[in-house]
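Chains as they are written, first to last, in my numbering: chain Z, 1 to 283; chain X, 1 to 348. We treat Cβ as the ideally placed atom computed from N, Cα and C, and that holds for glycine. The structure displayed is predicted, hence computed values, not measured ones. Down below is the structure, laid out as structure tokens.
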Amino acid sequence: MMGIDSKTNRSMMAFVVFAAALVLAAGVVPMLVDARPAREIPAPTVEQNLSGVDAPGWSDAPAAEVPLAAAPSGLPNAKSVSTDAVDVQAARSDGQLYLRLEWHDAQATETADDPQTFADAAAVQMPVDTSAQPAIAMGSQSNLVNVWYWSADTGTEELLAGGPGSTTLLGNQSVQTWAEHTGSGENGTWTVVFSRPVDPASDNRTAVTSDRDLDVAFGVWDGTNAERSGRKAVSQWYYLPLGPGPGGAPFESILWAVAGIAIVAVIVVTIQGVRRARAEGGA
Amino acid sequence: MATQENVALADGVDHQVAMVMDLNKCIGCQTCTVACKSLWTEREGTEYMYWNNVETRPGKGYPRKWEEKGGGWKSEERTERQPGEIPSSEDYGEAWEFDHEGILKEGEDKKLAPEGGKPEWGPNWDEDQGAGEHPNSYYFYLPRICNHCTHPTCVEACPRSAVYKREEDGVVLVDQERCRGYRYCVEGCPYKKIYYNAVSKTSEKCVFCYPRIEGEGPDGEVHPPACADQCTTQLRMVGYLDDTEGPIYKLVEQYEVALPLHPEYQTDPNVYYIPPFAPPQHSEDGETVDVDRIPDSYLEQLFGDRVHEALDTIERERAKVERGGYSELMEILQDTNPAQQYRLEVFE
Numbered sequence: 001m002m003g004i005d006s007k008t009n010r011s012m013m014a015f016v017v018f019a020a021a022l023v024l025a026a027g028v029v030p031m032l033v034d035a036r037p038a039r040e041i042p043a044p045t046v047e048q049n050l051s052g053v054d055a056p057g058w059s060d061a062p063a064a065e066v067p068l069a070a071a072p073s074g075l076p077n078a079k080s081v082s083t084d085a086v087d088v089q090a091a092r093s094d095g096q097l098y099l100r101l102e103w104h105d106a107q108a109t110e111t112a113d114d115p116q117t118f119a120d121a122a123a124v125q126m127p128v129d130t131s132a133q134p135a136i137a138m139g140s141q142s143n144l145v146n147v148w149y150w151s152a153d154t155g156t157e158e159l160l161a162g163g164p165g166s167t168t169l170l171g172n173q174s175v176q177t178w179a180e181h182t183g184s185g186e187n188g189t190w191t192v193v194f195s196r197p198v199d200p201a202s203d204n205r206t207a208v209t210s211d212r213d214l215d216v217a218f219g220v221w222d223g224t225n226a227e228r229s230g231r232k233a234v235s236q237w238y239y240l241p242l243g244p245g246p247g248g249a250p251f252e253s254i255l256w257a258v259a260g261i262a263i264v265a266v267i268v269v270t271i272q273g274v275r276r277a278r279a280e281g282g283a
Numbered sequence: 001m002a003t004q005e006n007v008a009l010a011d012g013v014d015h016q017v018a019m020v021m022d023l024n025k026c027i028g029c030q031t032c033t034v035a036c037k038s039l040w041t042e043r044e045g046t047e048y049m050y051w052n053n054v055e056t057r058p059g060k061g062y063p064r065k066w067e068e069k070g071g072g073w074k075s076e077e078r079t080e081r082q083p084g085e086i087p088s089s090e091d092y093g094e095a096w097e098f099d100h101e102g103i104l105k106e107g108e109d110k111k112l113a114p115e116g117g118k119p120e121w122g123p124n125w126d127e128d129q130g131a132g133e134h135p136n137s138y139y140f141y142l143p144r145i146c147n148h149c150t151h152p153t154c155v156e157a158c159p160r161s162a163v164y165k166r167e168e169d170g171v172v173l174v175d176q177e178r179c180r181g182y183r184y185c186v187e188g189c190p191y192k193k194i195y196y197n198a199v200s201k202t203s204e205k206c207v208f209c210y211p212r213i214e215g216e217g218p219d220g221e222v223h224p225p226a227c228a229d230q231c232t233t234q235l236r237m238v239g240y241l242d243d244t245e246g247p248i249y250k251l252v253e254q255y256e257v258a259l260p261l262h263p264e265y266q267t268d269p270n271v272y273y274i275p276p277f278a279p280p281q282h283s284e285d286g287e288t289v290d291v292d293r294i295p296d297s298y299l300e301q302l303f304g305d306r307v308h309e310a311l312d313t314i315e316r317e318r319a320k321v322e323r324g325g326y327s328e329l330m331e332i333l334q335d336t337n338p339a340q341q342y343r344l345e346v347f348e
């Protein structure tokens, strides 16, 4: 009988350890490793200056790595794109929304002053109507997007689009950019900061409010690879957690922790019940 | 004005403006080139462009080896486009700078030559070289403008619909407001007749002098395109392909002696050429022999296999006139009446 008891004890211990591990894995590890749900780009409100690629405020905005892939397109060589990821930071400060994009580009192409050269470029896309996510490929006629476009050659443009091939310059341009290419070869990096007042300057412009999260998507063109137009590396929709929502990660972690503790409690109670029943049966 | 039902016009186009160039009259003087250049491409960023150029054939053309750079349709079904490439600035030939100021005014002791090193290529670089060996060398001149094609691949290539064929007369234009300088049209045109302006960051091309044919110039009168108007030998006829009483229709559709350049590109150009004749070959002691100086095979390469019939028709009609007979075709080809040569006010 003693043998059976000790075996029961051992398996009980194993259960407890397993349950404890579950709690740890579910609740604590995600908090330590990555506290964000997929496709979220934190957009904290920052006190310090964000105007510039190396502005001090950027140290307070965590970066999200956003994978990029060739945009589906009927254009020649559309599948050949150079850029596979862009690091994105977002922050709000002083009535402005700032987005900082950083990506690897071995060689900067900053002019298109020859028939065969194309300039590097990047863009941010967001819905005009933030309550409905538009088609990823530049929206549609019924669901428009704003595009903040920067080209190393021609500078900044604030565009409106309703589907591929429809970009149109908005009046009273209100997007500002700062850009810099550093290093070369493996260390070559473009950094571009976009900024626009959170309050839209006119109709057909995205209102950046704290009423709801903001969908954003990104595109990068490598001029050296003759990328332009629909031949580009693009992301899926991501979002800035600007709304009052559940707050994402911490909430989830708490839920998982509660669930883990509940499991442990159930196991402990069950085991105690079994032991008591056995003890009574044995007597 | 009668419109021929069986003339194939592009969808959504009311009439098709067209041009016939008689290559037998071209003396390679480049007056058309200069007329075009001084009217349209003396702006910043257009220095290297020749919307109208005259190239020596056989030769590499402008831009260099343009026939090897792709574009056009893969087949006559026109379901798939042939990939194309953008010519390099070297292929076009850079605009040369000359130090006129220094040499003429400041008395600098140097030769008047392009600044910045010895150029190795330029438009018309291989002028008059041609092919063949003495005494049977040969060449002819080929003036080229945009063909304002019925099935233009430049229009198809543009992802922004910035290149379009206008409804009233089928002139192909680049909307400078829509164009973002992507240059897919430059790749897509098999004739390489769209050019990128690196200053305006847009592409541009021959506009068939549309303000002139609309009578929108200072004198309010309708004029043919400047290249045609200024031509020393008046080798160009301008009108509408679907004007059945005009010379264009008769030369292209009725007598079939005016042919598009490289019909195999399947874009259906609306600039047509009367193929060139040359004196027959000579023997080494200078006797004329009954062999064509310009090989038929070369003309076929340029104008397709219909060229043989076109040459035969012209020869037959010419023989008729030589015998004292009347030939409407020969009358049209020799017409010096501007009202017939330029029929631009036939449609409302």
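Let me know the secondary structure DSSP gives residue i once reduced to three states.
| i | result |
| --- | --- |
| F277 of chain X | coil |
| S89 of chain X | helix |
| M330 of chain X | helix |
| P241 of chain Z | coil |
| Q89 of chain Z | strand |
| P67 of chain Z | strand |
| V288 of chain Z | Coverage of chain Z is limited to positions 1 through 283, which leaves residue 288 of chain Z absent and any answer about it impossible. |
| V40 of chain X | Before going further, note that residue 40 of chain X is Trp rather than Val in the sequence given. Of the three classes helix, strand and coil, the one that applies to W40 of chain X here is helix, per DSSP. |
| N24 of chain X | helix |
| P143 of chain X | strand |
| G84 of chain X | strand |
| I136 of chain Z | coil |
| L9 of chain X | coil |
| Y342 of chain X | strand |
| G325 of chain X | coil |
| G239 of chain X | strand |
| K250 of chain X | helix |
| V266 of chain Z | helix |
| H151 of chain X | coil |
| P135 of chain X | coil |
For residue i, decide whether its Cβ has a neighbour in chain C, counting only Cβ atoms nearer than 8 Å.
| i | result |
| --- | --- |
| Q141 of chain Z | Note that chain C does not occur in the displayed structure, where the protein chains are Z and X. |
Output the distance between the C-alpha atoms of residue i and residue j, rounded to the nearest integer angstrom.
| i | j | result |
| --- | --- | --- |
| C146 of chain X | E317 of chain X | 30 Å |
| A95 of chain X | A278 of chain X | 33 Å |
| Q156 of chain Z | R43 of chain X | The sequence as given places Thr at residue 156 of chain Z; Gln does not occur at that position. Each residue's Cα considered, the two are about 25 Å apart. |
| I271 of chain Z | I261 of chain Z | 15 Å |
| P275 of chain X | L259 of chain X | 8 Å |
| D229 of chain X | D14 of chain X | 25 Å |
| E101 of chain X | G116 of chain X | 16 Å |
| A113 of chain X | I103 of chain X | 10 Å |
| V66 of chain Z | V86 of chain Z | 5 Å |
| D22 of chain X | Y272 of chain X | 9 Å |
| L112 of chain Z | G220 of chain X | Reading the sequence as shown, one finds Ala at residue 112 of chain Z and not Leu. Spanning the two alpha carbons is a distance of roughly 39 Å. |
| R180 of chain X | A162 of chain X | 8 Å |
| R278 of chain Z | V258 of chain Z | 30 Å |
| N204 of chain Z | P37 of chain Z | 30 Å |
| N52 of chain X | E348 of chain X | 28 Å |
| E217 of chain X | V207 of chain X | One point to set straight first is that residue 217 of chain X is Gly, not Glu, in the sequence displayed. Using only the alpha carbons, I get a separation of about 14 Å. |
| L299 of chain X | P119 of chain X | 31 Å |
| A2 of chain X | A207 of chain Z | Residue placement at A2 of chain X is flagged as unreliable, the pLDDT there being 47, under the threshold of 50; a coordinate-derived value is accordingly withheld. |
| Q30 of chain X | E177 of chain X | 32 Å |
| V346 of chain X | G188 of chain X | 33 Å |
With which residues is residue i paired in a DSSP beta bridge?
| i | result |
| --- | --- |
| H104 of chain Z | Z:T189 |
| M19 of chain X | X:V238 and X:V271 |
| E55 of chain X | X:L142 |
Can you round the beta-carbon distance between residue i and residue j to whole angstroms, since I take them to be within the 8 Å contact cut?
| i | j | result |
| --- | --- | --- |
| V20 of chain X | M237 of chain X | 4 Å |
| L240 of chain Z | A90 of chain Z | 5 Å |
| R160 of chain X | Y191 of chain X | With 8 Å as the limit, R160 of chain X and Y191 of chain X do not qualify as a contact, their Cβ atoms being about 21 Å apart. |
| V17 of chain X | Y240 of chain X | 6 Å |
| V53 of chain Z | S93 of chain Z | V53 of chain Z to S93 of chain Z, Cβ: 15 Å. No contact. |
| Y48 of chain X | G84 of chain X | The pair is not a contact, with the Cβ atoms about 19 Å apart (cut-off 8 Å). |
| T287 of chain Z | H104 of chain Z | Past the boundaries of the shown model lies residue 287 of chain Z; chain Z is included only from 1 to 283, so the question cannot be answered. |
| A161 of chain Z | L144 of chain Z | 7 Å |
| L344 of chain X | V222 of chain X | 5 Å |
| G72 of chain X | Y265 of chain X | 3 Å |
For this session: Check whether the segment 119-128 of chain Z touches the segment 146-154 of chain Z, taking contact to mean three or more Cβ pairs, one atom from each stretch, closer than 8 Å.
Result: yes
Exercise. Is the segment 227-239 of chain Z close to the segment 131-141 of chain Z, with three or more CB pairs under 8 Å?
Worked result: yes
Exercise. Does the count of Cβ pairs from the segment 304-317 of chain X and the segment 196-207 of chain X closer than 8 Å reach three?
Worked result: no
Problem set entry | Cβ contact (3+ pairs, closer than 8 Å) linking the segment 130-141 of chain X and the segment 149-159 of chain X | no
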